[in-house]
Amino acid sequence: MAEPERLLVMIGVIARLLRGLRHVAVGASSPVPAAAALVARELGRGRPTVSILGSETSNPFTDGGRELFDCAAQGRLDAFFLSGAQIDATGAVNLLGLGEPGRMRRRFMGNFGAPYLASLVPNVILFRTDHGVRTLVEKVDFVTAPGVEGRWLVTDRAVFRRQAGRLRLVSWHAGEMAETVRAATGFAFETAHDAGETPGLEAAAAAQLRGPVGAVLREVYPAFAAQLT
Amino acid sequence: MAEPERLLVMIGVIARLLRGLRHVAVGASSPVPAAAALVARELGRGRPTVSILGSETSNPFTDGGRELFDCAAQGRLDAFFLSGAQIDATGAVNLLGLGEPGRMRRRFMGNFGAPYLASLVPNVILFRTDHGVRTLVEKVDFVTAPGVEGRWLVTDRAVFRRQAGRLRLVSWHAGEMAETVRAATGFAFETAHDAGETPGLEAAAAAQLRGPVGAVLREVYPAFAAQLT
Amino acid sequence: MTATPAELAALIPDGATLALAPDYSGCSLATIRELVRKGASGLRLVGLPQLGLQADLLIAAGCVAGVETAAISLGELGLAPAFDRAWRAGSVTVTESTCPAIHAGLTAAEKGVSHLPLAGVIGSDLVGLRPDWRLGPDPFTGEPGLLVPAIRPDFLLFHAAVADRSGNVWIGVRRELMLAAHAARRTLATVEEVVAHDLLADDLWAAGTIPALYVERVATAPAGAAPVGLRNRYGPDRAWLAAYAEAARDPASCKTFIDAWLRDG
Amino acid sequence: MTATPAELAALIPDGATLALAPDYSGCSLATIRELVRKGASGLRLVGLPQLGLQADLLIAAGCVAGVETAAISLGELGLAPAFDRAWRAGSVTVTESTCPAIHAGLTAAEKGVSHLPLAGVIGSDLVGLRPDWRLGPDPFTGEPGLLVPAIRPDFLLFHAAVADRSGNVWIGVRRELMLAAHAARRTLATVEEVVAHDLLADDLWAAGTIPALYVERVATAPAGAAPVGLRNRYGPDRAWLAAYAEAARDPASCKTFIDAWLRDG
Numbered sequence: 002m003a004e005p006e007r008l009l010v011m012i013g014v015i016a017r018l019l020r021g022l023r024h025v026a027v028g029a030s031s032p033v034p035a036a037a038a039l040v041a042r043e044l045g046r047g048r049p050t051v052s053i054l055g056s057e058t059s060n061p062f063t064d065g066g067r068e069l070f071d072c073a074a075q076g077r078l079d080a081f082f083l084s085g086a087q088i089d090a091t092g093a094v095n096l097l098g099l100g101e102p103g104r105m106r107r108r109f110m111g112n113f114g115a116p117y118l119a120s121l122v123p124n125v126i127l128f129r130t131d132h133g134v135r136t137l138v139e140k141v142d143f144v145t146a147p148g149v150e151g152r153w154l155v156t157d158r159a160v161f162r163r164q165a166g167r168l169r170l171v172s173w174h175a176g177e178m179a180e181t182v183r184a185a186t187g188f189a190f191e192t193a194h195d196a197g198e199t200p201g202l203e204a205a206a207a208a209q210l211r212g213p214v215g216a217v218l219r220e221v222y223p224a225f226a227a228q229l230t
Numbered sequence: 002m003a004e005p006e007r008l009l010v011m012i013g014v015i016a017r018l019l020r021g022l023r024h025v026a027v028g029a030s031s032p033v034p035a036a037a038a039l040v041a042r043e044l045g046r047g048r049p050t051v052s053i054l055g056s057e058t059s060n061p062f063t064d065g066g067r068e069l070f071d072c073a074a075q076g077r078l079d080a081f082f083l084s085g086a087q088i089d090a091t092g093a094v095n096l097l098g099l100g101e102p103g104r105m106r107r108r109f110m111g112n113f114g115a116p117y118l119a120s121l122v123p124n125v126i127l128f129r130t131d132h133g134v135r136t137l138v139e140k141v142d143f144v145t146a147p148g149v150e151g152r153w154l155v156t157d158r159a160v161f162r163r164q165a166g167r168l169r170l171v172s173w174h175a176g177e178m179a180e181t182v183r184a185a186t187g188f189a190f191e192t193a194h195d196a197g198e199t200p201g202l203e204a205a206a207a208a209q210l211r212g213p214v215g216a217v218l219r220e221v222y223p224a225f226a227a228q229l230t
Numbered sequence: 037m038t039a040t041p042a043e044l045a046a047l048i049p050d051g052a053t054l055a056l057a058p059d060y061s062g063c064s065l066a067t068i069r070e071l072v073r074k075g076a077s078g079l080r081l082v083g084l085p086q087l088g089l090q091a092d093l094l095i096a097a098g099c100v101a102g103v104e105t106a107a108i109s110l111g112e113l114g115l116a117p118a119f120d121r122a123w124r125a126g127s128v129t130v131t132e133s134t135c136p137a138i139h140a141g142l143t144a145a146e147k148g149v150s151h152l153p154l155a156g157v158i159g160s161d162l163v164g165l166r167p168d169w170r171l172g173p174d175p176f177t178g179e180p181g182l183l184v185p186a187i188r189p190d191f192l193l194f195h196a197a198v199a200d201r202s203g204n205v206w207i208g209v210r211r212e213l214m215l216a217a218h219a220a221r222r223t224l225a226t227v228e229e230v231v232a233h234d235l236l237a238d239d240l241w242a243a244g245t246i247p248a249l250y251v252e253r254v255a256t257a258p259a260g261a262a263p264v265g266l267r268n269r270y271g272p273d274r275a276w277l278a279a280y281a282e283a284a285r286d287p288a289s290c291k292t293f294i295d296a297w298l299r300d301g
Numbered sequence: 037m038t039a040t041p042a043e044l045a046a047l048i049p050d051g052a053t054l055a056l057a058p059d060y061s062g063c064s065l066a067t068i069r070e071l072v073r074k075g076a077s078g079l080r081l082v083g084l085p086q087l088g089l090q091a092d093l094l095i096a097a098g099c100v101a102g103v104e105t106a107a108i109s110l111g112e113l114g115l116a117p118a119f120d121r122a123w124r125a126g127s128v129t130v131t132e133s134t135c136p137a138i139h140a141g142l143t144a145a146e147k148g149v150s151h152l153p154l155a156g157v158i159g160s161d162l163v164g165l166r167p168d169w170r171l172g173p174d175p176f177t178g179e180p181g182l183l184v185p186a187i188r189p190d191f192l193l194f195h196a197a198v199a200d201r202s203g204n205v206w207i208g209v210r211r212e213l214m215l216a217a218h219a220a221r222r223t224l225a226t227v228e229e230v231v232a233h234d235l236l237a238d239d240l241w242a243a244g245t246i247p248a249l250y251v252e253r254v255a256t257a258p259a260g261a262a263p264v265g266l267r268n269r270y271g272p273d274r275a276w277l278a279a280y281a282e283a284a285r286d287p288a289s290c291k292t293f294i295d296a297w298l299r300d301g
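Residue numbers (the working numbering), protein chains in the order written: chain A, 2 to 230; chain B, 2 to 230; chain C, 37 to 301; chain D, 37 to 301.
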């Protein structure tokens, strides 16, 4: 995983994207989105509602494993987060494996709920904490979920958003430039005309991470919480 | 409702039909089937399991109103009971109303779950405690649920079973004869070659009604329980 | 945090589709009374899966345009008298259904799909009364199959024993309310009491709780389910119900009865 | 009334389809151990909706012919090593799925229908891996639609905190087990303890209880979910899990590890 400072920038970016939403869910093994969602909730005075799967204290569901998916189909889930073994220039993600579908040479854990949530949740935010040419590729080997227009990708180096069919560089984090991002990315991309350096984590957000958000993170992601502080 | 002695005969008939089954459910407002099912359970040492809808103590369902219906579709419900404003010569029942469907002149409560349960539960036992020409008709005005081969009808006068497409008289209760049953029935019927008087309630069953079954009935159907004893 | 029954009623606009529990499952008579008071009209009721006193009172007061239900009655007291009169007069439309078809329609809405296949039912004349249902070969088995459309009520209104300060509502085993809360666009509940502890913090409570996520407003209404009663809390007021069943047979005495009910509450 | 985990394992024949909970939902490792001991073979596992340690142990011991799942892993410890080896060798078939497709398949079985429509998913390459799924226009909307077939496992096996003497089993909010118990032909459960009171007698307990109606056998197995842990009771044994994740990478050390696990239990 990336340097703590880079993770803090990612948290800030994602928290800003979640402003004004009603309900945000965070899948298992997603500490950066979890931190960002909790920050957004604290700064939004309880809004959005945040559901963290795998947490026993921040998970409001009472109807079993299906409820998250039903909830999304009902239009009650405004944002979700996906990573992927591969993310491509169109914003498609691959969680399944490498090689030709049906004859893969390597298999990861599986598709989980991504094929479904990616098409039903209006704001699916892609993230990777290890921006590199092997993970950010021109075309995924397997489309777990296709990309859609307007989708965001937040990495430990930069922020992209899909426009006109492809991810476009929106900002680079402190210490990067468009060129360093390009060198670390496996797909060609355009740079938005107003691109610039990613704003850092706001002081108010940082205070939340040191305070109430940190307390929740220590329950769900103790190692990650320790790394941030 | 019929004389208590007639109700006891009906309870005996139905209890015998339930022997050896695993799970029997009883709908709302069905005291005779409820009593019969509980007698069968006691004489069968806990088998069948008896679910009485509307009872807070004899209802094992924990998944809401749909569970009875799902349970039937899963093949986990062996018997259910239906009455009907009309029951016809084919064993079809009408719970909805009188007159032409879509332009009825009288409407009863509604179809409830009968259209579904009648086709999914292997043993649907029809019952009426007021055997008469207006309720037992040649053809129902509205088919809430069609009849099926082998279906039983138990009334306060007699027992019928459908064979070769029509209900056939199997037995008549003490005090009746084939002729008195015929005069009280709105459809023509054949009499089974081995028809005879309905056996009365067994002593063991009567003891259950005075004992543990009576106690449950007093919770769910207090007026009915008082009438029996 | 909590509102009043009148505030809940004010949220329900004329013409809304309103899902209501049967008499045994948690009825917010306290809010029904406010709907009558405010002169609600054109409501379309959905039974979960049947309708009882709440529907008959709303119909008696002229608040209802139509019902979709597997049955409508006063239970042991027989036919719903105001409904029966309105049905004869043709002033309330009836979409006839059967319990599992309503559960299936709500489940389709819960899962965001247009329809659900439904077992059984084929062979009943009911199918002929529902032009919106589809008959055709099951794509997997080739057997005759029935598809019923999603039912997505604008509102679910119910009464339960307890809620907490966050708006989580405990319904215990009355899980048809959970299904309907998932299916409905907006859910309004009255409760006997608001408790101080978080209902989701302890699995014993959480297992029977509708999360606040689905609940728009909660109002406190002690004895809010009277006169039909609330499971494990208080029974039906049989004298009241019998008096209503008698009075509601006649339009004039029905009006007098309801006026008295509005005055008393 | 209650049985032993070995008696539960004896009920599951070779070749059976066996639904298993993910590591967070109630895993009967006590019975998995007995399945390994008896040399079970040809099992077809269904994840609810994903598979974890239970599946990897069964695969390591050669008990498994195939899996249908949305994912299989050791959670934070990464890929399921025995599964990964079996997958590379082609000795275990994988029916790839996604969480809501498994829930929908189980719901179809619960409702006795051949299939359920499923929202989303179209556009994923997953659809191309599932020739048993059907694509076609939705009969109500005309939009592209996806139908997934019913999943009816022969057995559901899980572990929970408590059962009562009648065989009712309390699962709290782990409601995927309720769905699977409805869908499966036969359900077997181990529990930490059997309590004296009737779980269905009090709605607080009943709301989170699978009725005995669906449960064929219950066995008492204290710490029966170790080493993955049981919600609100005991956590995972992280040292054991890390040691397994390491040992299972190599067939020889995996066998040694499992032999020790069988000896200790």
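Think of the CB as a built atom: it goes at the ideal place given N, C-alpha and C, for glycine as much as any other residue.
When the Cα of residue 124/D is compared with those of 90/A, 46/A, 98/A and 83/A, which residue comes out closest? Reading the fourth sequence from its first residue, position 88 is the one you call residue 124/D. Minimum Cα distance to residue 124/D is reached at 98/A.
So, with DSSP's three-state summary, where would you put residue 289/C? In the third sequence, counting from the first residue as 1, residue 289/C sits at position 253. Of the three classes helix, strand and coil, the one that applies to residue 289/C here is helix, per DSSP.
So, helix, strand or coil for residue 169/C, using DSSP? Stepping through the third sequence from its first residue, residue 169/C is reached at position 133. Of the three classes helix, strand and coil, the one that applies to residue 169/C here is coil, per DSSP.
Taking only runs that begin and end inside the region 113 to 147 of chain D, name each unbroken alpha helix (DSSP H) of 4 or more residues, in chain order. 117 to 125 and 135 to 146
Buried versus exposed call for residue 134/B [16 or more other C-beta atoms within 10 Å across all chains shown]: For the purposes of this step, residue 134/B is taken as the residue at position 133 of the second sequence. Answer is exposed; the Cβ neighbour count stays below 16.
Inter-residue spacing [alpha-carbon to alpha-carbon] between residue 164/B and residue 44/B: For the purposes of this step, residue 164/B is identified with residue 163 of the second sequence, where counting begins at 1. For the purposes of this step, residue 44/B is identified with residue 43 of the second sequence, where counting begins at 1. Using only the alpha carbons, I get a separation of about 29 Å.
Quick check: what's the CA-CA separation for residue 29/A versus residue 182/C? The count along the first sequence starts at 1 and reaches residue 29/A at position 28. The count along the third sequence starts at 1 and reaches residue 182/C at position 146. Approximately 38 Å between the Cα atoms of the pair.
Is it the case that the region 213 to 227 of chain A contacts the region 153 to 170 of chain B, given that we only count it when at least three CB pairs across the two stretches are under 8 Å? Flag = no, the region 153 to 170 of chain B and the region 213 to 227 of chain A do not touch.
What residues are listed by DSSP as bridge partners for residue 276/C? Taking the third sequence and counting its residues from 1, the one referred to as residue 276/C is at position 240. BP columns for residue 276/C are empty, so no partner.
Please report the straight-line C-alpha distance between residue 254/D and residue 109/D, rounded to a whole angstrom. Residue mapping note: residue 254/D aligns to position 218 of the fourth sequence, counting from 1. Residue mapping note: residue 109/D aligns to position 73 of the fourth sequence, counting from 1. Rounded to whole angstroms, residue 254/D to residue 109/D spans 28 Å at the Cα level.
In the DSSP assignment, the beta strand (DSSP E) including residue 92/C goes from what residue to what residue? By 1-based counting over the third sequence, the position of residue 92/C is 56. Counting along the chain, residue 92/C falls outside any beta strand (DSSP E), though it belongs to the alpha helix (DSSP H) covering 89 to 96.
Sort 112/C, 46/C, 158/C and 197/C by Cα distance to residue 224/B and report the nearest one. Position 223 of the second sequence, counted from the first residue, corresponds to residue 224/B. Residue 112/C is the option with its Cα nearest to residue 224/B.
Give me the Cα-Cα distance between residue 129/D and residue 120/D, rounded to the nearest whole angstrom. Here the question's residue 129/D lines up with position 93 in the fourth sequence. Here the question's residue 120/D lines up with position 84 in the fourth sequence. Taking the straight line from one Cα to the other gives about 11 Å.
Are there three or more Cβ pairs, one per stretch, closer than 8 Å when the region 183 to 198 of chain C is compared with the region 144 to 155 of chain C? yes
Looking at the secondary structure, which residues open and close the alpha helix (DSSP H) in which residue 209/A lies? The sequence position of residue 209/A within the first sequence is 208, counting from 1. Here the alpha helix (DSSP H) through residue 209/A covers 204 to 211.
Rounded straight-line distance, which links the Cα of residue 226/B to that of residue 232/C: One-based indexing of the third sequence puts residue 232/C at position 196. One-based indexing of the second sequence puts residue 226/B at position 225. Roughly 43 Å between the two C-alpha positions.
Proximity test, Cβ basis, 8 Å: residue 345/D and chain C: A query on residue 345/D cannot be resolved here, the shown segment of chain D reaching from 37 to 301 and no further.
Only counting runs of 3 or more residues, tell me where the beta strand (DSSP E) segments fall wholly within the region 70 to 153 of chain A, in order along the chain. 80 to 83, 87 to 89, 98 to 101, 104 to 108 and 124 to 129, all fully within the region 70 to 153 of chain A.
Boundaries of the beta strand (DSSP E) in which residue 195/D is found, first to last residue: Residue numbering aside, residue 195/D sits at position 159 when the fourth sequence is read from its first letter. Looking at the DSSP string, the run of the beta strand (DSSP E) that includes residue 195/D is 191 to 200.
Note down, in chain order, all residues in the region 114 to 144 of chain B with a beta-carbon under 9 Å from any beta-carbon belonging to chain D. Under the 9 Å Cβ criterion, the region 114 to 144 of chain B contributes 121.
Identify every residue that forms a DSSP beta bridge with residue 197/B. Counting from 1 along the second sequence, the entry for residue 197/B is found at position 196. 172/B.
Residue-chain proximity (residue 86/C, chain B), Cβ-Cβ < 8 Å: Within the third sequence, numbered from 1, the residue matching residue 86/C stands at position 50. It does: the Cβ of residue 86/C has a partner Cβ on chain B nearer than 8 Å.
Do residue 91/D and residue 56/D have their C-beta atoms closer together than 8 Å? As a working mapping, residue 91/D is identified with position 55 in the fourth sequence. As a working mapping, residue 56/D is identified with position 20 in the fourth sequence. Yes, they are a contact pair.
Is there a C-beta anywhere in chain C that falls below 8 Å from the one on residue 217/D? Locating residue 217/D in the fourth sequence gives position 181, where the first residue counts as 1. Residue 217/D does not count as touching chain C.
Mind pulling the chain D residues with CB within less than 7 Å of residue 82/C? Position 46 of the third sequence holds residue 82/C. Within chain D, no residue comes near residue 82/C; the closest Cβ sits about 18 Å away, beyond 7 Å.
State the DSSP-derived secondary structure class of residue 266/D, mapped to helix, strand or coil. Position 230 of the fourth sequence, counting from 1, holds the residue named residue 266/D. DSSP places residue 266/D within a strand segment (E or B) once states are collapsed to three.
Which runs of the beta strand (DSSP E) fall wholly inside the region 38 to 66 of chain B and span at least 3 residues, in chain order? Inside the region 38 to 66 of chain B, DSSP marks whole beta strand (DSSP E) runs of 3 or more residues at positions 50 to 53, from first to last along the chain.
So, are the CB atoms of residue 221/A and residue 52/A less than 8 Å apart? Here residue 221/A corresponds to residue number 220 of the first sequence, with the count starting at 1. Here residue 52/A corresponds to residue number 51 of the first sequence, with the count starting at 1. No, these two residues do not count as a Cβ contact at 8 Å.
Give me the Cα-Cα distance between residue 48/A and residue 127/D, rounded to the nearest whole angstrom. On the first sequence, position 47 is the one that residue 48/A refers to. On the fourth sequence, position 91 is the one that residue 127/D refers to. The alpha-carbon atoms of residue 48/A and residue 127/D are separated by roughly 49 Å.
If you follow the alpha helix (DSSP H) that residue 229/A is part of, which residue opens it and which one closes it? Working through the first sequence from its first residue, we reach residue 229/A at position 228. It spans 223 to 229 - the alpha helix (DSSP H) in which residue 229/A sits, taken as one unbroken run.
Per-residue DSSP class, three states only, for residue 49/C: Reading the third sequence from its first residue, position 13 is the one you call residue 49/C. Of the three classes helix, strand and coil, the one that applies to residue 49/C here is coil, per DSSP.
Alpha helix (DSSP H) segment containing residue 13/A, residue limits: Numbered from 1 along the first sequence, position 12 holds the residue referred to as residue 13/A. 5 to 18 is the span of the alpha helix (DSSP H), which, as asked, contains residue 13/A.
State the DSSP-derived secondary structure class of residue 39/D, mapped to helix, strand or coil. Here residue 39/D is taken as the residue at index 3 of the fourth sequence, counted from 1. In the structure shown, residue 39/D sits in a strand (DSSP, three-state: E or B).
N- and C-terminal bounds of the alpha helix (DSSP H) containing residue 76/D: One-based indexing of the fourth sequence puts residue 76/D at position 40. Segment: none, residue 76/D is in no alpha helix (DSSP H) and carries neither H nor E.
Identify each residue in the region 151 to 162 of chain D for which the Cβ-Cβ distance to at least one residue of chain C is less than 9 Å, and report them in chain order. 151, 152, 153, 154, 155 and 156: these are the residues of the region 151 to 162 of chain D whose beta carbon lies less than 9 Å from some beta carbon of chain C, given in chain order.
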